[in-house]
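One structure is given below, encoded as structure tokens.
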Amino acid sequence: MPDAPDAKSRVNIEDEMRRSYMDYAMSVIVGRALPDVRDGLKPVHRRVVYGMRLMGLTSNRGYRKCAKIVGDVMGSFHPHGDASIYDTLVRLAQGFNMRYPLVDGQGNFGSVDGDPAAAMRYTEAKLRPLADDLMADLDKETVDFVPNYDETTEEPTVLPTPYPNLLVNGSTGIAVGMATNIPPHNLREVIDGVIWAIEHREESLVEKYRGLSARIPGPDFPTGGYIVGRAGITAAYRTGRGSLTMRGRTAIEDIGKGDRQAIIINEIPYQLNKTRLIEKIADLVRDKSLEGVSDLRDESDRDGMRIVVELKRGEVAEVVLNNLYKQTPLQTTFGIIMLAIVGGRPRVLGLLDFVERFIEFRHEVVQRRTEFDLRKAEARAHILEGLTIALDHLDAVITLIRGARNPAAARVGLMDEFELSQSQAQAILDMQLQRLTGLERQKVVDELAGLLVLVQRLRQILGSEALLMEIVVDELREVQTKYGDDRRSEMVDDPGELRIEDLIADEDMAITVSSTGYVKRTAITEYRSQRRGGKGRIGMRTRDEDFLTHLFIASTHAYILILSDRGRLYWLKVHAIPDVGPDGRGKSIANLVSMEPEEKIAALLAVREWPAEDGERYIVTGTRRGVVKKTDLRSFRYPHQAGIIAVGVAENDAVIAAEITDGQGEIFLGTRRGKAIRFPERDVRPMGRTAHGVRGIRLRAGDEVVGMAVVRSGGAVLTVTEHGYGKRT
-14 MPDAPDAKSR VNIEDEMRRS YMDYAMSVIV GRALPDVRDG LKPVHRRVVY
36 GMRLMGLTSN RGYRKCAKIV GDVMGSFHPH GDASIYDTLV RLAQGFNMRY
86 PLVDGQGNFG SVDGDPAAAM RYTEAKLRPL ADDLMADLDK ETVDFVPNYD
136 ETTEEPTVLP TPYPNLLVNG STGIAVGMAT NIPPHNLREV IDGVIWAIEH
186 REESLVEKYR GLSARIPGPD FPTGGYIVGR AGITAAYRTG RGSLTMRGRT
236 AIEDIGKGDR QAIIINEIPY QLNKTRLIEK IADLVRDKSL EGVSDLRDES
286 DRDGMRIVVE LKRGEVAEVV LNNLYKQTPL QTTFGIIMLA IVGGRPRVLG
336 LLDFVERFIE FRHEVVQRRT EFDLRKAEAR AHILEGLTIA LDHLDAVITL
386 IRGARNPAAA RVGLMDEFEL SQSQAQAILD MQLQRLTGLE RQKVVDELAG
436 LLVLVQRLRQ ILGSEALLME IVVDELREVQ TKYGDDRRSE MVDDPGELRI
486 EDLIADEDMA ITVSSTGYVK RTAITEYRSQ RRGGKGRIGM RTRDEDFLTH
536 LFIASTHAYI LILSDRGRLY WLKVHAIPDV GPDGRGKSIA NLVSMEPEEK
586 IAALLAVREW PAEDGERYIV TGTRRGVVKK TDLRSFRYPH QAGIIAVGVA
636 ENDAVIAAEI TDGQGEIFLG TRRGKAIRFP ERDVRPMGRT AHGVRGIRLR
686 AGDEVVGMAV VRSGGAVLTV TEHGYGKRT
């Protein structure tokens, strides 16, 4: 940072603000918000675990108060306030945030419900074994140390982790002008991928990506659930940016006497607050945005999560579940930004880049550790060689030492007499008398022989790239054996837009609608065949002054097109209609589609599949004033929740009937006064949705059309009056 100008100097405020802001931004980016690609830790994470190690809080020791840990870390390494340190300590201990926690907490460390951790004066913590291994070789000069903020001690610039912690535990952070969001992964899979990359360093770039993707198929979140689709993961692994869809794990259970069902939520997406999810579902039910839910409760306990969404009788569980996915965070998106600090600068990296950076780092750590061990072994062997010489000339050594005026003279005498180094001579002077026994001499000889073998081995490792990388692989496998576990998040293929029809049996249903607008469906199998004279059975329970107006058969996979008397068309899937059994009344159609209060149902049409080409099928409509219209059925293939205009209807007119045709029939219209007309359907040209149509029959004053049918030439028409008289023509 440049020296501050003295009080009399003048500076350009634009230059000063640019320089100051860049200093601030780089401080946040490098020193606060982004993880290092090598150990996967931000500075505050590194300082917390390193501070705990200095306090002796390893996994095999006892717990200490978190307030003591926070105070020591803040005083020695991180002078940015206790809140950030304790928040970091808490997160490192939370199993629902960290795939492999580094801190073992004792006390209330928060929950997936969003409950905060207890105050630091109440909680205790120590390191987990995995964190011990994270710093296993820290005392062997494997990483560089720098002075702390007040230069009273030193701290490591990075920890010598033996596994790719950044991929394993992920990281999230917001810096200045950039952010990172790296998902956690399965330790076993990541190590398999790293070992494969080490053993196939000569492969092409394409083969490396293919090999890594086969062994690291995707993230693995601590809360489990499903990961839907692989396209976003592939993009993120190649470019460092992408997204994936997370979905909670659910099950459908029968409750009561088996005529009702409940959706059980056992796992939720990563970083989702369980309480907020429940509140969101409750709000949707309260606002009637989510239909079919009768009760909602949280039955989670120490054995696991269990959110129960009870459904009303006759509701289709798959339909409600689909609405939960669409309207609540039970299905949500995780945006991947694989940004990390590389060489002091932020960089977006792909999966292969992460793996190769870790391999380079681990190679450096093992090499520096081996060099340290070699220096220590050579130094010790040098001392033992001097001790061996002294033991071989024990009487002469004793005589020389007894005759020396002081230790310095004895040291010089030993160096001159036996050609020893200063360190060897000092070791002889420091040797205890008990080392002069024959047994102790043999120990020195044996230790020296072992050290000479070790020195030769260490030199071989440093001289062979293959041996060094073999050690890296062996240590990776050791970590994998100790801490590897099964995948928690299940990878499933993306079906695109969730098709509920794929989850529902394809069967015929009897659809009934009453005059007051109640609709229901009943399986055809509920109605058994009876002989002539049989009484039948109740098909729909109605109230006084209500009666059945529509009855037809449709598949559970079909659409019902609802045409109102005002010419608006609404869509309703058959499986979304409640199945309440033959005795049930059903549900008001106003709760299923967004019809206006003054609208009445004019016609119901079942459509199993939409035509592939224009001109294959049509909807023919007729109005009370005798207006006929023909519209291509494909014009209605895109559902709209609020409905659309299907027929333009005059103010004093109303739609009274509609049929789906192939365009080759004959249109038959009948009036209240017994008049009728029949004409070829081809005489009516296809029109757009909002058109009014053409006159199909000329009516006299006081007359109106009461019925329409599309018939085939040669067929018969059965006319029935309101008093029960019938006529076949």
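So for the sequence shown, this note's numbering puts the first residue at -14; every next one is plus one.
Using N, Cα and C, we set each Cβ at its ideal position, and we do this for glycine too.
None of the values given here were measured: they were computed from a predicted structure.
- Item | Local Cβ density within 10 Å of residue 177, reported as buried at 16 or more and exposed below that | Start at 1 with the first residue of the sequence shown, and residue 177 comes out as number 192. Counting other Cβ atoms within 10 Å of its Cβ, residue 177 reaches 16 or more and is therefore classed as buried.
- Going by C-alpha distance, which of 434, 596 and 531 is nearest residue 573? Along the sequence shown, read from residue 1 onward, the residue named residue 573 stands at position 588. Of the listed residues, the one whose Cα sits closest to residue 573 is 531.
- Query: Do residue 173 and residue 470 come within 8 Å of each other at the CB atom, strictly closer than that value?
  - Reply: Along the sequence shown, read from residue 1 onward, the residue named residue 470 stands at position 485. Along the sequence shown, read from residue 1 onward, the residue named residue 173 stands at position 188. A contact, by the Cβ cut-off of 8 Å.
- Work out the CA separation of residue 547 and residue 555 for me, nearest whole Å. Translated into positions along the sequence shown, residue 555 becomes position 570. Translated into positions along the sequence shown, residue 547 becomes position 562. The straight-line gap from Cα to Cα measures roughly 5 Å.
- Item | residue 392, buried or exposed, once every other Cβ within 10 Å from all chains shown has been counted against 16 | Numbered from its first residue, the sequence shown carries residue 392 at position 407. Residue 392 should be labelled exposed.
- Contacts around residue 521, its chain only, beta-carbon distance under 6 Å, and the 5 residues preceding and following it disregarded: In the sequence shown, counting from the first residue as 1, residue 521 sits at position 536. Low per-residue confidence applies at residue 521: pLDDT is 49, beneath 50, and the placement is therefore not dependable, though the value from the model is reported in the following sentence. Around residue 521: no qualifying Cβ.
- Message: Among 588, 48, 377 and 691, whose alpha-carbon lies nearest the alpha-carbon of residue 403?
- Response: If you number the sequence shown from 1, residue 403 lands on position 418. Closest by alpha carbon: 377.
- Local Cβ density within 10 Å of residue 434, reported as buried at 16 or more and exposed below that: Your numbering for residue 434 matches position 449 in the sequence shown. That one is exposed.
- Hey, residue 119 and residue 175: beta-carbon distance below 8 Å or not? In the sequence shown, residue 119 corresponds to position 134, counting from 1. In the sequence shown, residue 175 corresponds to position 190, counting from 1. Result no, Cβ atoms of residue 119 and residue 175 do not sit closer than 8 Å.
- Query: Does the ligand ATP have even one heavy atom less than 7 Å from the beta-carbon of residue 542?
  - Reply: The model depicted lacks the ligand ATP and carries no ligand whatsoever.
- Using three-state DSSP, classify residue 549 as helix, strand or coil. Reading the sequence shown from its first residue, position 564 is the one you call residue 549. Strand.
- Task: Return the CA-CA distance between residue 365 and residue 201, expressed in angstroms with no decimal places.
- Result: Walking along the sequence shown from the start, residue 365 turns up at place 380. Walking along the sequence shown from the start, residue 201 turns up at place 216. Cα to Cα, residue 365 sits roughly 44 Å from residue 201.
- Message: Mapping the DSSP letters down to three states, classify residue 556 as helix, strand or coil.
- Response: The residue labelled residue 556 in the question sits at position 571 within the sequence shown. The three-state reading of DSSP puts residue 556 in strand, counting E and B together.
- Item | Exposure label - residue 384; buried when at least 16 CB within 10 Å | Counting from 1 along the sequence shown, the entry for residue 384 is found at position 399. By the beta-carbon neighbour count (other beta carbons within 10 angstroms, threshold 16), residue 384 is exposed.
- Query: Does the segment 628 to 647 come close enough to the segment 551 to 569 that 3 or more CB-CB pairs lie under 8 Å?
  - Reply: The segment 551 to 569 makes contact with the segment 628 to 647; the number of CB pairs closer than 8 Å reaches 3 or more.
- Message: According to DSSP, simplified to helix, strand and coil, what is residue 308?
- Response: The residue you call residue 308 lines up with position 323 of the sequence shown. For residue 308, the three-state secondary structure derived from DSSP is helix.
- Query: Which class does residue 544 belong to by DSSP, given the choice of helix, strand or coil?
  - Reply: Reading the sequence shown from its first residue, position 559 is the one you call residue 544. DSSP places residue 544 in strand when its eight states are reduced to three.
- Check residue -1 in the structure and name its three-state DSSP category. The sequence position of residue -1 within the sequence shown is 14, counting from 1. Reduced to three states, the DSSP call for residue -1 is helix.
- Query: Is the beta carbon of residue 82 less than 8 Å from the beta carbon of residue 320?
  - Reply: Along the sequence shown, read from residue 1 onward, the residue named residue 82 stands at position 97. Along the sequence shown, read from residue 1 onward, the residue named residue 320 stands at position 335. Their beta carbons are not under 8 Å apart, which means residue 82 does not touch residue 320 by this criterion.
- Message: If you follow the alpha helix (DSSP H) that residue 246 is in, where does it begin and where does it stop?
- Response: Taking the first residue of the sequence shown as position 1, residue 246 is located at position 261. Boundaries around residue 246 are those of the beta strand (DSSP E), 245 to 252, since no alpha helix (DSSP H) includes it.
- Cβ contact check for the segment 264 to 278 and the segment 207 to 214: 3 or more pairs under 8 Å: Note that the segment 264 to 278 does not touch the segment 207 to 214; fewer than 3 beta-carbon pairs, one per stretch, sit closer than 8 Å.
- Message: Counting C-beta neighbours from all protein chains within 10 Å, is the total for residue 499 16 or more, i.e. buried, or is it exposed?
- Response: As a working mapping, residue 499 is identified with position 514 in the sequence shown. Under this definition residue 499 is a buried residue.
- Message: I need the boundaries of the alpha helix (DSSP H) containing residue 410, first residue and last residue.
- Response: Along the sequence shown, one-based indexing puts residue 410 at 425. From DSSP, the alpha helix (DSSP H) with residue 410 extends over 407 to 415.
- Task: Going by DSSP, name the residue or residues bridged to residue 499.
- Result: Here residue 499 refers to the residue found at position 514 of the sequence shown. For residue 499, which the question treats as bridged, DSSP gives the partners 533.
- For residue 166, which three-state DSSP category applies? In the sequence shown, counting from the first residue as 1, residue 166 sits at position 181. Strand, per DSSP.
- Limits of the unbroken alpha helix (DSSP H) element including residue 571: Here the question's residue 571 lines up with position 586 in the sequence shown. No alpha helix (DSSP H) holds residue 571; DSSP gives it neither H nor E.
- Item | Span separating the alpha-carbon of residue 326 from that of residue 7 | Here residue 326 refers to the residue found at position 341 when the sequence shown is read from its first residue. Here residue 7 refers to the residue found at position 22 when the sequence shown is read from its first residue. Between residue 326 and residue 7, the C-alpha separation is close to 17 Å.
- Item | Contact set for residue 450: own chain, Cβ-Cβ below 8 Å, skip 5 residues either direction | Taking the sequence shown and counting its residues from 1, the one referred to as residue 450 is at position 465. The beta carbon of residue 450 is closer than 8 Å to none in its chain, skipping five residues each way along the sequence.
- Under three-state DSSP, which class holds residue 81? As a position in the sequence shown, residue 81 is number 96, starting the count at 1. Looking at residue 81 - three-state DSSP - the assignment turns out to be coil, as it is neither helix nor strand.
- Item | Neighbour-count burial assignment, residue 707, 16 or more Cβ in a 10 Å radius | By one-based count along the sequence shown, residue 707 stands at place 722. Around the Cβ of residue 707, a 10 Å sphere holds fewer than 16 other Cβ atoms; the residue is exposed.
- Message: If you reduce the DSSP assignment to three classes, tell me which class residue 184 lands in.
- Response: Stepping through the sequence shown from its first residue, residue 184 is reached at position 199. Taken through DSSP and simplified to helix, strand or coil, residue 184 comes out as helix.
- So, helix, strand or coil for residue 692, using DSSP? Counting from 1 along the sequence shown, the entry for residue 692 is found at position 707. Residue 692 falls in the strand class under three-state DSSP.
- Leaving out five residues on either side along the sequence, give the residues of the same chain with a beta carbon under 6 Å from the beta carbon of residue 198. Counting from 1 along the sequence shown, the entry for residue 198 is found at position 213. Taken in chain order, the list of residues that qualify is empty.
- Task: Following the continuous alpha helix (DSSP H) through residue 368, name the residue where it begins and the one where it ends.
- Result: The count along the sequence shown starts at 1 and reaches residue 368 at position 383. Run containing residue 368: 336 to 377, per the alpha helix (DSSP H) assignment.
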